[in-house]
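Student:
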Amino acid sequence: MAMRLSYGDRIFVGVNYTLLFLLGFVAFYPFWNAAVISFNSGSDTMLGGITFWPREFTLSNYEVVFKDKRLIDGFIISVLRTGAGTLLSIIATAIFAYGMTKREMMGRKFYMVMCIITMYFSGGLIPSYLLIRELGLMNSFWVMIIPGIISVWNMIIFRTFFKGIPAGLEESAAIDGASNWGIFFRIVLPLSGPVIATLSLFTAVYHWNDWFAPSIYISNVDLLPIQTKLQQILNSNIMLEQMQNLDSASQGRMGAMRAVTTKSLSMATMMVATVPILCVYPFVQKYFVKGVLIGSLKE
Amino acid sequence: MPQAKLVVERQTHRKKSPFIRFLKQWDIQLMALPALLFIFVFSYIPMYGVLMAFQDYSLFKGFLQSPWVGFKHFEMFFNAPEFWTVMRNTLVISMLKLCIGFPAPILLALMLNEIGRRFFKRLVQTISYLPHFLSWVIVSGFVTSILSTDNGSLNLLLQKLSLIDDPINFLSEPSYFWSILVATNVWKEIGFSSIVYLAAIAGINPHLYEAASIDGASRIRQIVSITIPSIMPVVIVFSILAIGNFLNAGFEDILLLAGNPVLRDVSDVLDTYVYRIGIQNSRFSYATAAGLFKALISVALLAGANYLARRSGNSLW
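Quick note, the sequences are listed as chains A and B, same order. Here this note's numbering is used: the first residue of the first sequence is 65, the next is one more, and so on. Here this note's numbering is used: the first residue of the second sequence is 2, the next is one more, and so on.
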């Protein structure tokens, strides 16, 4: 673009770059600052002024986190839940979606209406909660997986994608004697890489980040995922901080003696809970951009 | 072709009874029925369970045995001292989120589109997507840390700029809460929500810009006269969706950011109220009534939004 810019346009471009730079900074700073605090000695952080770079670098916060059996258990639960929840939900939803592409299926219209209604209406929190109780799913690992196993939204996206697969491929397989299930697993699924990647990412992020469902359905601490444990830790920290505000002088002196404080520790825990997502999302960016577009085009 | 095939299929099938036909296609029915069973159990049973809003539900008696009490819980809810506070908070927070949270990603997309350097653009985009993928627990942890009186970055900055003398305890001051909540939401979703608008902008014919710049239109003039009108249809569809979601003022964000009970007067919205009364205080029927009240208004809003959409030629259904 070798176009000469007018004076006004140059100001505009300059302002635009500046604003976007600031926005990028604001978007990233909270994360960066938390990471820095997690690598800084807790007692030093209490002296203040920690912004862009650790002053007293230490790994002791992470040491404490990785030695804390409850947090490690939480991490493992999160991994198991994300793995099992994503795998089961994607497979079950894809099978359902493939069935719904079959024109000859009896009741297909009715099934579809049944699905779409659930996108606009729901029983709400309390009836769902009582249902889970009645089903005996309270305090079970599966309460985090089973209720969300079929996602109507994902089904519709899958279905749209499956419809775009050339019918000739399926027909020729059918002539060769393949069953509907065989066609699905051997032809349709292998051709659906991009949509599977996108929906898996969204489903996995949901499972990894969900802290609320376990917080109401699971009271057994050993089964809580890391996000719920983190929430409880942060919550108790807020109360602690409020106590400190009442009596900041004496509490501050007490805290200054420790290398690891509640603040530095919770920052380290937050980093541990974030890193898996951070490792994945930049690399699947092109998939989720596409996924958002499929989703917003609807039907 | 496929239609002709379909007709043939229909004719051959007509002779058999529906039941036999159903059994004959057991393989594809088996793909749908288990999933529908899940949907029935986890979506439809709770919808039916909403009727407990008209009962005095007790855990021991169960849904079938609990006595029916008509609109008792609705009356109690409407007359509760916190009703108007909850309604005000729900409406104000929804309104703020709509008025600020909705245009923000459009503005970002317009600004990103003006960036010539691809690397810088990609970088800003990738960074701005990050918060969307973080859980509200993490985000609220960030916010609490940044706003903390104990050397939180914002207080440090304001003190350096000599705007304040003593650190402000932002998260226990009711007057700041709405701003913090809306800012956090915008921060979290602005990048991700801009994807759709960027895609819409990418579809605009580049010749329009060429012609405009030959005519001497400035960059801002091009945005106003070409970009914005071109993405208007997308903006309209999404604004209608946003109106349909109006009463979802937020739940996790409020629950986590308003940890301090001092904030309840400004933070309690319908969803958090239902949670607090229903799950924490176990007043199931009363909370369900409050939730149902919200659902009814939402449906009305959605129908209204769809009516608007029909008139603009973009029906949701």
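For glycine and all other residues, C-beta sits at the position ideal for the given N, C-alpha and C. Keep in mind it's a predicted model, so treat the numbers as computed, not measured.
Report yes or no: is there a C-beta of chain A within less than 7 Å of the C-beta of M48/B?
Tutor: Closer than 7 Å to some Cβ of chain A, the Cβ of M48/B qualifies, so yes.
Student: Pick from V336/A, M183/A, M176/A and A161/A: whose alpha carbon is nearest that of M219/A?
Tutor: The shortest Cα separation from M219/A among V336/A, M183/A, M176/A and A161/A belongs to A161/A.
Student: So does the stretch 71 to 91 of chain B actually touch the stretch 199 to 219 of chain A, counting three or more Cβ pairs closer than 8 Å?
Tutor: No: the two stretches stay apart, fewer than three of their Cβ pairs being nearer than 8 Å.
Student: DSSP three-state call for N104/A: helix, strand or coil?
Tutor: Strand at N104/A.
Student: List the residues of chain A that R22/B touches, going by C-beta distances under 7 Å, in chain order.
Tutor: Ordered by position in chain A, the residues that pass the 7 Å Cβ test against R22/B are M170.
Student: On a Cα-Cα basis, can you pick out the residue from L303/B, W85/B and I94/B that is closest to M183/A?
Tutor: Selected option, being the one with the closest Cα: L303/B.
Student: Terminal residues of the continuous alpha helix (DSSP H) containing W275/A?
Tutor: Neither: W275/A is in no alpha helix (DSSP H) and is coded neither H nor E.
Student: Give the range of the alpha helix (DSSP H) segment to which M331/A is assigned.
Tutor: T326 to V344 is the span of the alpha helix (DSSP H), which, as asked, contains M331/A.
Student: From the DSSP output, which residues share a beta bridge with F121/A?
Tutor: Note: F121/A sits in a beta bridge opposite N104/A.
Student: Between S154/B and I165/B, which are expected to be in contact by the criterion C-beta below 8 Å, what is the C-beta distance as a whole number of angstroms?
Tutor: The pair is not a contact, with the Cβ atoms about 14 Å apart (cut-off 8 Å).
Student: Can you find a CB in chain A that lies within less than 7 Å of the CB of L37/B?
Tutor: It does; some Cβ of chain A falls within 7 Å.
Student: On the three-state DSSP scale, how would you describe S314/A?
Tutor: Any reading at S314/A must be qualified, since the residue scores a pLDDT of 44, below 50, and its modelled position is unreliable; no value is offered.
Student: Give the secondary structure of Q56/B by DSSP, where H, G and I count as helix, E and B as strand, and everything else as coil.
Tutor: Correct three-state label for Q56/B: strand.
Student: DSSP on I260/A, reduced to helix/strand/coil?
Tutor: Of the three classes helix, strand and coil, the one that applies to I260/A here is helix, per DSSP.
Student: Residues of chain A with CB closer than 9 Å to the CB of R220/B, please, in chain order.
Tutor: Those are L69, S70, G72, D73, F76, V77 and N80, listed as they occur along chain A.
Student: Let me check understanding here. Comparing Cα to Cα, which of I280/B, L99/B and N206/B lies closest to G251/B?
Tutor: Of the listed residues, the one whose Cα sits closest to G251/B is L99/B.
Student: Pull up the DSSP beta-bridge partners for W69/B, would you.
Tutor: W69/B is bridged to Q56/B.
Student: Is the Cβ-Cβ distance between Y126/A and A332/A less than 7 Å?
Tutor: For Y126/A and A332/A, yes; Cβs fall inside 7 Å.
Student: Could you tell me which whole alpha helix (DSSP H) segments of length 4 or greater appear in the stretch 95 to 155 of chain B?
Tutor: The stretch 95 to 155 of chain B contains these whole alpha helix (DSSP H) runs: 104 to 114, 119 to 130 and 137 to 148.
Student: Do the CB positions of F323/B and Y345/A come within less than 7 Å of each other?
Tutor: Residue 323/B cannot be examined here, being either before or after the span of chain B that is shown, 2 to 318.
Student: Go ahead and pull the three-state DSSP assignment for V270/B.
Tutor: Of the three classes helix, strand and coil, the one that applies to V270/B here is coil, per DSSP.
Student: Can you give me the start and stop residues for the alpha helix (DSSP H) that F185/A sits inside?
Tutor: F185/A -> no alpha helix (DSSP H), and no H or E assigned at all.
Student: Entirely within the stretch 219 to 244 of chain B and at least 4 residues each: give me those alpha helix (DSSP H) ranges in chain order.
Tutor: Within the stretch 219 to 244 of chain B, the complete alpha helix (DSSP H) runs of at least 4 residues are 220 to 223.
Student: With 7 Å as the limit, tell me which residues of the stretch 265 to 279 of chain A have their beta carbon closer than that to any beta carbon of chain B; keep them in chain order.
Tutor: Residues passing the 7 Å Cβ filter: V269, N273, W275 and F276.
Student: Quick one: grab the DSSP three-state call for M2/B.
Tutor: Interpretation of M2/B is limited by its pLDDT of 45, a score under 50 that renders its predicted location unreliable; the figure taken from the coordinates is listed afterwards. Coil, per DSSP.
Student: Going by beta carbon distance, what residues of the same chain come within less than 8 Å of Y210/B, once the five residues before and after it are set aside?
Tutor: For Y210/B, where only same-chain residues beyond five positions count, the Cβ hits under 8 Å are Q223 and I227.
Student: Using a cut-off of 7 Å between C-beta atoms, extract the partners of Y276/B located in chain A.
Tutor: Residues of chain A passing the Cβ test: L189.
Student: For T146/A, which residues from the same chain have a beta carbon less than 6 Å from its beta carbon, with the 5 sequence-adjacent residues on both sides left out?
Tutor: Here the set comprises A268, H271 and W272.
Student: With distances taken from CA atoms, which of Y175/A, T157/A and I114/A is nearest I213/A?
Tutor: Minimum Cα distance to I213/A is reached at T157/A.
Student: Against G204/B, what residues of chain A qualify as contacts under a CB-to-CB distance less than 7 Å, listed in chain order?
Tutor: Neighbours of G204/B on chain A: none; closest Cβ ~11 Å, over 7 Å.
Student: According to DSSP, simplified to helix, strand and coil, what is R145/A?
Tutor: R145/A falls in the helix class under three-state DSSP.
Student: What are the start and end residues of the alpha helix (DSSP H) that includes D240/A?
Tutor: Element bounds for D240/A: n/a, residue is neither H nor E.
Student: So what does DSSP say about K17/B, is it helix, strand or coil?
Tutor: In this structure, K17/B counts as coil in the three-state DSSP scheme.
Student: Compute every distance between the C-beta of V197/B and the non-hydrogen atoms of the ligand PLP, then say whether any falls below 6 Å.
Tutor: The ligand PLP is absent from the structure shown, which contains no ligand whatsoever.
Student: Smallest Cα separation from D132/A: which of L329/A, G113/A, S186/A and L342/A?
Tutor: D132/A has its Cα closest to that of L329/A, out of L329/A, G113/A, S186/A and L342/A.
Student: Ordered along the chain, which non-local residues of its own chain (more than five positions away) have a Cβ less than 6 Å from that of S59/B?
Tutor: If we look at S59/B and ignore the five residues flanking it on each side, its Cβ neighbours are S67.
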